[in-house]
Amino acid sequence: MKKLNNSDKIICRCEDITEAEVIQAMEMGAQTADEVKRLTRAGMGHCQGRTCRRLINQMLARKTGQRPENQKAVTQRSPLQPISLKTLADYKK
Amino acid sequence: MTKSTDLIVVGGGIIGAATGYYLAKSGYKVRLMEKGYLCAGSTGRCIGGIRQQFTSDGSIKLMLESIELFKNMDRDLGTDVHWHPGGYLFLAHSPEKKEAFLSNIAIQHKSGLKDVRWVDAYEAKQIAPGLNIDGLLGGSYCPTDGQAYPFAVVNGYTEKIKSLGGTINTFAEVTSIIHGGGKVKGVRTAKGEEYLADIVINAAGPWAKELGAMAGIEVPVEPERHEALITEGVEYLGLPMLVDYRIDGGYFQQFKHNGQFIGCYTPVPNVPGHDSDSTYEFLAEMPKRMLKLVPSLAPVKVIRQWSGSYEMTADGNPIMDQSEIEGFYVLAGMCGHGFMLGPAMGQMMAKFIASGNKKSPIAEFALNRDYSYREAMK
Numbered sequence: 002m003k004k005l006n007n008s009d010k011i012i013c014r015c016e017d018i019t020e021a022e023v024i025q026a027m028e029m030g031a032q033t034a035d036e037v038k039r040l041t042r043a044g045m046g047h048c049q050g051r052t053c054r055r056l057i058n059q060m061l062a063r064k065t066g067q068r069p070e071n072q073k074a075v076t077q078r079s080p081l082q083p084i085s086l087k088t089l090a091d092y093k094k
Numbered sequence: 125m126t127k128s129t130d131l132i133v134v135g136g137g138i139i140g141a142a143t144g145y146y147l148a149k150s151g152y153k154v155r156l157m158e159k160g161y162l163c164a165g166s167t168g169r170c171i172g173g174i175r176q177q178f179t180s181d182g183s184i185k186l187m188l189e190s191i192e193l194f195k196n197m198d199r200d201l202g203t204d205v206h207w208h209p210g211g212y213l214f215l216a217h218s219p220e221k222k223e224a225f226l227s228n229i230a231i232q233h234k235s236g237l238k239d240v241r242w243v244d245a246y247e248a249k250q251i252a253p254g255l256n257i258d259g260l261l262g263g264s265y266c267p268t269d270g271q272a273y274p275f276a277v278v279n280g281y282t283e284k285i286k287s288l289g290g291t292i293n294t295f296a297e298v299t300s301i302i303h304g305g306g307k308v309k310g311v312r313t314a315k316g317e318e319y320l321a322d323i324v325i326n327a328a329g330p331w332a333k334e335l336g337a338m339a340g341i342e343v344p345v346e347p348e349r350h351e352a353l354i355t356e357g358v359e360y361l362g363l364p365m366l367v368d369y370r371i372d373g374g375y376f377q378q379f380k381h382n383g384q385f386i387g388c389y390t391p392v393p394n395v396p397g398h399d400s401d402s403t404y405e406f407l408a409e410m411p412k413r414m415l416k417l418v419p420s421l422a423p424v425k426v427i428r429q430w431s432g433s434y435e436m437t438a439d440g441n442p443i444m445d446q447s448e449i450e451g452f453y454v455l456a457g458m459c460g461h462g463f464m465l466g467p468a469m470g471q472m473m474a475k476f477i478a479s480g481n482k483k484s485p486i487a488e489f490a491l492n493r494d495y496s497y498r499e500a501m502k
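For the protein sequence lines, the chains are A and B, in the order given.
Positions 2 to 94 (my numbering) are the ones given, in order, by the first sequence.
Positions 125 to 502 (my numbering) are the ones given, in order, by the second sequence.
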């Protein structure tokens, strides 16, 4: 199996965002996970950042010399899981 | 700490970014200040539609110009902004709406928008595959309207500002405007920093009123909450942006670059204020409205909902003017059209500032105007 470069490592699996792209966003001035999301689309895909938000917070922490848990969490939005338009349209209170 | 530049743009959305870019390009040393991060306000929450179908001559001409700028933007900014001329189709389900659209089309032709035309229901279905034409009389269709990706556009502009020698200050909330003797002198931030410039531009979108008040200038812009949702990406179906003005209508389109459907509707009654909460009502209601227009989208999954502000003026027209305080300019009140108007607005604003003229280049965009006219295609 081919050894991966750092740049090839996938951080966001839904949107195919690599570590290099996240680093580039930080170099453009991103200080928070919300900015990385908007610059790269990491966390905007099907799973809404379930895997990548932790990884991105670690990368931001490394860059800023803080702890990952001290990074401002990316805004969580509903729905928690993808729901079809039909299921939502048929929803009755 | 005090730092000087030629001018300060307050607001890190499309209006501030585009204006900053065109000013930097014409040689000004620009500082753009944003209280959060870039696109944290309205621009990052908009659905990315771009259309020329308006009813005021000023807006139509600006949008003709904006579309030209979007067409050349990849080359100009050196980044892919995902411009795609997917078209806009406004739907008429009543004779009154049809009448109104026909008269709008005549106005649009007169203002130089030649691409727009009336299409009957049969043709509408050819243009928008899968469109439910029950009760549809036809629509107003413009194939050269389109879409782009808001984040890429704003970041393209701000990267250019930096490469032209300007500065972008994020997390820099302006809390006061420094002025005296009828002239603006700079701004002060929440952190107590002072930035000096002879020109300060209020491009604060939904916060334009608050920013104006810091200098004692009344800017009649009121935010209203609009909610939106986005689906997973699916195969691009080639539908134009669909706009349904009925009380239970809405508007949505599909991004060509990743296949996601994105849409929203105007709530009745409106929701004034800076509130940016999302509601279950919207999440349940918007899909009904989408499926009423295009039933075949039933299995497509919604992945996210959010809300953002339209920054409204009473007459639906933007404000582009210099205030009574020399050097303190206002470019705000885009009424939900900031993203599409932004490039041309920024370009015109840069020319206006460079000209040194006192009065707005477009009378209908003046700050102290009669706000009783109404834009019919809000």
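Heads up, the beta-carbon is just placed ideally off N, CA and C, and yes, glycines get one too.
- Around the beta carbon of isoleucine 371 of chain B, fewer than 16 other beta carbons sit within 10 angstroms, so the residue counts as exposed.
- Residue-level contact check: threonine 33 of chain A touches chain B, since one or more beta carbons of chain B fall below 8 Å from its beta carbon.
- When the Cα atoms are used, lysine 64 of chain A and serine 218 of chain B turn out to be separated by approximately 59 Å.
- Burial state of arginine 428 of chain B is buried, judged by a 10 Å Cβ sphere holding 16 or more other Cβ atoms.
- Beta-bridge partners assigned by DSSP to serine 484 of chain B: none are found.
- Tyrosine 146 of chain B carries a helical assignment under DSSP once its states are collapsed to helix, strand and coil.
- Here the region 346-361 of chain B makes contact with the region 429-436 of chain B; the two share three or more CB pairs at distances below 8 Å.
- Our two residues, proline 485 of chain B and valine 134 of chain B, have alpha carbons roughly 21 Å apart in a direct line.
- Neighbours of proline 396 of chain B in chain A, taken as residues at a C-beta separation under 9 Å, are lacking, since the least C-beta distance is about 23 Å.
- When secondary structure is reduced to three states using DSSP, lysine 380 of chain B falls in the coil class, being assigned neither helix nor strand.
- Secondary structure of glutamine 429 of chain B (DSSP, three-state): strand.
- At least 8 Å separates the beta-carbon of alanine 90 of chain A from that of leucine 320 of chain B.
- Taking a beta-carbon distance threshold of 8 Å, alanine 74 of chain A does not count as an interface residue toward chain B.
- Counting only residues of its own chain and dropping the five nearest sequence neighbours on each side, histidine 461 of chain B has no CB closer than 6 Å to any other CB.
- A residue is called buried when at least 16 other Cβ atoms come within 10 angstroms of its Cβ; proline 330 of chain B meets this threshold and is buried.
- Excluding residues up to 5 positions away in sequence, Gly383, Val424 lie with their Cβ nearer than 7 Å to the Cβ of valine 358 of chain B in the same chain.
- For proline 347 of chain B, the beta-bridge partners assigned by DSSP are B:Glu435.
- In this structure, threonine 179 of chain B sits away from isoleucine 138 of chain B, with a CB-CB distance that is not shorter than 8 Å.
- Cα atoms of proline 364 of chain B and valine 240 of chain B: separation of roughly 13 Å, rounded to the nearest angstrom.
- In the DSSP secondary-structure assignment, methionine 338 of chain B is not bridged to any residue.
- When C-alpha distances from glycine 254 of chain B are compared across B:Ser420, B:Tyr146, B:Gly236, B:Leu366, the shortest belongs to B:Ser420.
- Against chain B, the beta carbon of lysine 87 of chain A has neighbours under 8 Å at Pro411, Leu415, Ala422, Pro423, listed in chain order.
- What leucine 40 of chain A touches in chain B, judged by beta-carbon distance under 8 Å, is Phe275, Asn279, going in chain order.
- Under DSSP, the beta-bridge partners assigned to tryptophan 242 of chain B are B:Ser264.
- Residues of chain B whose Cβ lies closer than 7 Å to the Cβ of serine 79 of chain A are, in chain order, Ser402, Leu407, Gln429.
- Residue-level contact by beta carbon fails for glycine 66 of chain A and chain B, as no gap is shorter than 8 Å.
- Close CB contacts of glycine 336 of chain B within its chain, under the 7 Å cut and outside five residues either way in sequence, are with Asn326, Glu342, Val343, Val454 (chain order).
- For tyrosine 161 of chain B, the closest Cβ of chain A is nearer than 8 Å.
- Residue-level contact by beta carbon fails for glutamate 28 of chain A and chain B, as no gap is shorter than 8 Å.
- Rounded to the nearest whole angstrom, the C-alpha separation of leucine 81 of chain A and arginine 54 of chain A is 15 Å.
- Against chain B, the beta carbon of glutamine 49 of chain A has neighbours under 8 Å at Ile427, Arg428, listed in chain order.
- Taking glycine 144 of chain B as the centre and dropping the five residues before and after it, the same chain places the C-beta of Val133, Val154, Leu156, Ile285 closer than 6 Å to its C-beta, in chain order.
- Residue contact with chain A for isoleucine 292 of chain B: present (Cβ-Cβ distance below 8 Å to some residue of chain A).
- Distance from the Cα of leucine 261 of chain B is smallest, within the candidate group B:Asn279, B:Thr268, B:Trp242, B:Phe275, for B:Trp242.
- Where alanine 474 of chain B is concerned, the enclosing alpha helix (DSSP H) starts and stops at 462-479.
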